[in-house]
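Chemist: Numbering-wise (the working numbering), the sequence shown opens with residue 3 and increments by one. C-beta: ideal position from N, C-alpha, C; glycine also.
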Amino acid sequence: MVEKFIRKNSYTLILFSLMVVFALVIANTIGKDDTEYTTITIKSGETIWQLSQEYSYMSKLSQENFIKWVEKNNDIHSATLQAGQSILLPIEKDMEHLFVSR
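1. Just to confirm the assignment, what range does the alpha helix (DSSP H) spanning I93 have?
2. Given a threshold of 16 other Cβ atoms within 10 Å of its Cβ, counted over all protein chains shown, does V22 qualify as buried or as exposed?
3. Would you mind sorting Y57 into buried or exposed? The rule is 16 or more other CB atoms within 10 Å of its CB.
4. Quick one, which of D77, I93 and I89 has its alpha-carbon nearest L63's?
5. Could you tell me whether the Cβ atoms of Q83 and T41 are closer together than 7 angstroms?
6. Taking the Cβ atom as the reference point for each residue, do E95 and E38 lie within a distance shorter than 7 angstroms?
7. Spatial neighbours of K34 within its chain, please: C-beta separation below 6 angstroms, excluding the five flanking residues on both sides.
8. Go ahead and label W51 buried or exposed: buried means 16 or more other beta carbons lie within 10 angstroms of its beta carbon, across all protein chains shown.
9. Identify every residue that forms a DSSP beta bridge with Y39.
Written as structure tokens, this is what we have:
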């Protein structure tokens, strides 16, 4: 009886299995960002605009997009930077060696 069911529905079972595998692969990759970004500590008087002028070339973003990324990913507005605050920059960790001493 089971063999008859498998023989009769083999294409359906194969298609269903492929759909499950495909769904698992997609679910595992969507929204996954393995990139590790650089964190810096804000110095007194620094602004996001200054940071964008100094570091946007390393992120391959325009200065405007650099600022938007920093504000969005740190949940801040450019006017709220405070000395000693740590923020994430859109610069991959493996590029930190290019930083001038901070």
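Modeler: The relevant details are as follows:
1. Counting along the chain, I93 falls outside any alpha helix (DSSP H), though it belongs to the beta strand (DSSP E) covering S88 to E94.
2. Burial check for V22: the Cβ neighbour count within 10 Å stays below 16, so the residue is exposed.
3. The residue is buried, with at least 16 neighbouring Cβ atoms inside 10 Å.
4. The option with the nearest alpha carbon to L63 is I93.
5. The residue you asked about is not Gln; residue 83 is Leu in the sequence shown. Taking 7 angstroms as the Cβ cut-off, L83 and T41 do not qualify as a contacting pair.
6. A quick correction: the sequence has Lys, not Glu, at residue 95. Contact flag set, yes.
7. For K34, the pLDDT reaches just 47, beneath the cut-off of 50, and the residue's location in the model is therefore unreliable, leaving the point undetermined.
8. Exposed, since its Cβ has fewer than 16 Cβ neighbours within 10 Å.
9. According to DSSP, Y39 bridges with E94.
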